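Residue numbers (my numbering), protein chains in the order written: chain A, 1 to 305; chain B, 1 to 305.
To start, the structure itself, in structure tokens.
Structural data, given as structure tokens:
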């Protein structure tokens with residue numbers, strides 16, 4: 001594969017004074033939980049989220065989205081539920097659903113199962129591109145809360161679930177709100193950060209953005225850093241959702257594996273100038289100062305600032 | 001799904017004085033033949049072809065392509081062969097391979113199997129958009145030869161193959177060249193018409209273009225016609241490849257079903273002004289005058305002009 005532009009989670013294509021930014025992704029084995037729970041009307045939100053959250057890391061505004069739905073035999077009711085989620089995701093990211101392909105492929109998928117892939121294109125002026133290259137020592141990492149596991153790490157989730165002896169209908173252990181099943185917790189749709197982020201970007205000071213997908217903080221945060229700089233993360237600076245605590249205990253998973261598999265409650269990280277960080281934190285209750293830029297490489301976790 | 005723009009095989013997104021044109025598609029059950037023949041290095045050409053041939057019907061130049069490769073367990077050698085075909089297809093259509101996603105999804109696909117989807121984006125000036133709306137009575141249909149079945153109709157192909165008692169290693173009946181197996185004939189990669197077509201379009205007179213995919217002439221040609229106009233096709237005006245003759249005989253398939261399933265040797269049809277038709281036919285030995293625009297609806301087949 002050709003490499004995407006430096007610092008980017010999407011591929012860049014120069015067009016006049018702008019870049020088109022494109023990304024493609026699926027939702028992985030989260031689909032298996034959709035099949036098992038029968039929750040099909042939000043997986044399309046996950047699908048859109050995976051691509052548009054990638055695009056917005058470049059500072060690009062998503063323009064349009066296309067989907068590919070592959071199944072052995074078309075179930076119209078089921079397909080409508082999936083499309084409903086895609087339409088919802090496109091609304092949340094203010095982009096057009098420009099087309100799609102429904103492929104009926106006998107003998108490819110098990111009965112009632114399907115695969116999805118999505119494709120989004122956005123645009124950003126060349127002089128507004130966010131690529132991490134201006135990140136400096138002392139810049140601040142702002143964390144945006146996730147809704148849970150989002151759309152990565154589900155092969156491990158499924159192993160933990162099998163090992164735990166719990167079913168998807170059982171209550172999520174440690175959940176302190178009302179009734180909430182494991183199935184609902186695990187199927188919570190991926191947060192789409194597009195509108196919130198574009199608003200913040202428009203006010204200046206955002207230098208790099210990491211979409212926390214497979215690989216967690218460990219792999220995704222360094223992707224936006226210039227050589228010689230790393231991140232110090234304050235592990236007590238945000239609330240880790242109950243679903244991660246359950247996964248870690250039930251799966252007997254150590255901290256490093258948790259951090260390189262799951263988002264741990266932070267679905268997107270923006271690296272911003274200190275002044276911008278003050279403003280962003282003052283303007284929103286729902287984001288956290290989760291770390292700072294330090295000399296070095298990679299991501300170091302400490303328990304307090 | 002939202003409807004694509006009138007006359008278009010790709011979705012249109014307005015951007016300044018241009019349209020971005022996007023298309024997504026897979027290669028359907030042709031993949032099963034790739035698995036059975038072990039020919040994996042050209043299916044990527046099919047994948048690119050399906051999307052870029054859609055885009056060029058609007059007069060758009062393809063800019064970039066992204067692929068999604070889903071499999072249960074990644075086989076690097078096999079994936080490299082598939083990517084090789086995708087790279088080849090991108091070269092043939094002069095577009096960038098901007099990115100892609102390889103999704104490893106345990107328990108989704110049978111061992112050694114995979115699914116592919118592709119996404120292409122192109123651009124065309126608004127005043128150069130080809131959308132069929134200027135097509136007039138007496139305009140000429142120019143046919144561009146296919147390499148065989150291309151990437152549609154393979155569920156029927158597989159049924160015929162099973163019924164015929166032949167194997168993919170057997171020689172293609174009726175083939176008048178050198179040795180040529182059924183597997184080779186059926187796996188022949190889809191022709192990418194992009195460069196040839198953009199050259200012809202640049203000289204003027206092209207009013208509508210139909211990519212002949214699932215649905216054959218019957219469904220695809222009317223997609224570009226204004227209301228009240230149809231096509232008269234001269235069935236003896238081009239050479240129908242041996243593979244279609246074999247499919248029809250071995251499958252005992254009538255003409256209408258053949259025509260609404262297969263391309264019958266013509267993978268793309270351009271509707272052009274009569275003067276442009278003269279020029280195009282004079283400049284190329286490899287295209288045919290296959291029909292004319294008539295009053296009415298749909299596609300009528302006659303044996304001679």
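By construction, the Cβ of each residue, glycine as well, lies at the ideal position given by its N, Cα and C atoms.
Predicted model, so just to flag it, every value in this text is computed and none were measured.
Residue i to residue j span [Cα, whole Å]
i: residue 125 (chain B); j: residue 180 (chain B); result: 43 angstroms
i: residue 292 (chain B); j: residue 61 (chain B); result: 27 angstroms
i: residue 23 (chain B); j: residue 16 (chain A); result: 22 angstroms
i: residue 279 (chain A); j: residue 138 (chain A); result: 16 angstroms
i: residue 150 (chain B); j: residue 247 (chain A); result: 47 angstroms
i: residue 95 (chain B); j: residue 84 (chain B); result: 15 angstroms
i: residue 33 (chain A); j: residue 290 (chain B); result: 52 angstroms
i: residue 190 (chain B); j: residue 243 (chain A); result: 48 angstroms
i: residue 327 (chain A); j: residue 253 (chain B); result: Absent from the structure is residue 327 (chain A), since the part of chain A shown begins at 1 and ends at 305.
i: residue 31 (chain B); j: residue 275 (chain B); result: 42 angstroms
i: residue 130 (chain B); j: residue 114 (chain A); result: 35 angstroms
i: residue 206 (chain A); j: residue 136 (chain A); result: 12 angstroms
i: residue 132 (chain B); j: residue 234 (chain B); result: 21 angstroms
i: residue 134 (chain B); j: residue 209 (chain B); result: 12 angstroms
i: residue 142 (chain A); j: residue 100 (chain A); result: 35 angstroms
i: residue 231 (chain B); j: residue 140 (chain B); result: 9 angstroms
i: residue 7 (chain A); j: residue 288 (chain A); result: Confidence at residue 7 (chain A) is low in this model, with a pLDDT of 44, below 50, so its placement is unreliable and no value can be given for it.
i: residue 63 (chain B); j: residue 11 (chain A); result: 12 angstroms
i: residue 172 (chain B); j: residue 166 (chain B); result: 9 angstroms
i: residue 82 (chain A); j: residue 97 (chain A); result: 13 angstroms
i: residue 211 (chain A); j: residue 168 (chain A); result: 27 angstroms
i: residue 128 (chain B); j: residue 18 (chain A); result: 22 angstroms
i: residue 74 (chain A); j: residue 154 (chain A); result: 25 angstroms
i: residue 1 (chain B); j: residue 86 (chain A); result: Caution applies to residue 1 (chain B), whose pLDDT of 35 falls short of 50 and renders its modelled position unreliable; the value that the coordinates give is listed next. So the alpha carbons of these two residues sit roughly 10 angstroms apart.
i: residue 202 (chain A); j: residue 59 (chain A); result: 9 angstroms
i: residue 184 (chain A); j: residue 284 (chain A); result: 27 angstroms
i: residue 80 (chain B); j: residue 102 (chain B); result: 11 angstroms
i: residue 300 (chain A); j: residue 271 (chain A); result: 15 angstroms
i: residue 187 (chain B); j: residue 152 (chain B); result: 11 angstroms
i: residue 175 (chain B); j: residue 147 (chain B); result: 13 angstroms
Exposure of residue i, with buried meaning 16 or more beta-carbon neighbours within 10 Å
i: residue 241 (chain B); result: buried
i: residue 162 (chain B); result: exposed
i: residue 89 (chain B); result: buried
i: residue 286 (chain B); result: exposed
i: residue 51 (chain B); result: buried
i: residue 110 (chain A); result: exposed
i: residue 228 (chain A); result: exposed
i: residue 53 (chain A); result: buried
i: residue 4 (chain B); result: Unreliable placement is indicated for residue 4 (chain B), whose pLDDT of 42 sits below 50; no coordinate value is reported for it.
i: residue 282 (chain A); result: exposed
i: residue 76 (chain A); result: exposed
i: residue 236 (chain A); result: exposed
i: residue 306 (chain B); result: Because chain B spans 1 through 305 in this model, residue 306 (chain B) falls outside it and cannot be assessed.
i: residue 9 (chain A); result: buried
i: residue 204 (chain A); result: exposed
i: residue 25 (chain A); result: buried
i: residue 112 (chain A); result: exposed
Endpoints, beta strand (DSSP E) assigned at residue i
i: residue 289 (chain B); result: 288-295
i: residue 229 (chain A); result: 229-234
i: residue 24 (chain B); result: 18-26
i: residue 174 (chain B); result: Counting along the chain, residue 174 (chain B) falls outside any beta strand (DSSP E), and DSSP gives it neither H nor E.
i: residue 240 (chain A); result: Residue 240 (chain A) -> no beta strand (DSSP E), and no H or E assigned at all.
Residue i, enclosing alpha helix (DSSP H) - first and last residue
i: residue 67 (chain B); result: Segment 61-71 is the beta strand (DSSP E) holding residue 67 (chain B); no alpha helix (DSSP H) there.
i: residue 271 (chain A); result: Segment 266-272 is the beta strand (DSSP E) holding residue 271 (chain A); no alpha helix (DSSP H) there.
i: residue 255 (chain B); result: 255-261
i: residue 218 (chain A); result: 216-220
i: residue 183 (chain B); result: 182-187
Amino acids of chain C, ordered along the chain, whose beta-carbon sits closer than 7 angstroms to that of residue i
i: residue 164 (chain B); result: Note that chain C does not occur in the displayed structure, where the protein chains are A and B.
| task | Identify each residue in the stretch 90-105 of chain A for which the Cβ-Cβ distance to at least one residue of chain B is less than 9 angstroms, and report them in chain order. | result | Those would be 96, 97, 98, 99, 100, 101, 102, 103, 104, 105, in chain order.
| With contact counted as at least three CB pairs below 8 angstroms, one residue from each stretch, are the stretch 185-195 of chain A and the stretch 259-266 of chain A in contact? | Output reads no: the stretch 259-266 of chain A does not touch the stretch 185-195 of chain A.
| task | Decide yes or no for the touch test of the stretch 106-125 of chain A against the stretch 40-52 of chain B: beta carbon pairs closer than 8 angstroms, at least 3 of them. | result | no
| Does the count of Cβ pairs from the stretch 166-179 of chain A and the stretch 46-64 of chain A closer than 8 angstroms reach three? | no
| query | How do the stretch 217-233 of chain A and the stretch 152-160 of chain A stand: do at least 3 beta-carbon pairs fall below 8 angstroms, yes or no? | reply | no
| query | Between the stretch 17-34 of chain A and chain B, which residues of the former have CB atoms less than 8 angstroms from a CB of the latter, in chain order? | reply | Cβ contacts with chain B come from 20, 22, 23, 24, 25, 26, 28, 29, 31, 32.
| task | Please list the residues of the stretch 56-67 of chain A that have a C-beta atom closer than 8 angstroms to any C-beta atom in chain B, keeping them in chain order. | result | 63, 64, 66, 67
| query | Is the stretch 292-303 of chain A touching the stretch 68-79 of chain A in the sense that three or more CB pairs, one from each, lie closer than 8 angstroms? | reply | Counting C-beta pairs with one atom in each stretch, the stretch 68-79 of chain A and the stretch 292-303 of chain A have fewer than three that are closer than 8 angstroms, which means they do not touch.
| query | In the stretch 269-295 of chain B, which residues sit with their C-beta less than 8 angstroms from some C-beta in chain A, listed in chain order? | reply | none
| Listed in chain order, which residues of the stretch 71-85 of chain B have Cβ atoms closer than 9 angstroms to some Cβ of chain A? | Here the close residues are 83.
| query | Which of the residues in the stretch 115-133 of chain A, read from start to end, lie with their CB under 7 angstroms from any CB of chain B? | reply | 115, 117, 119, 121
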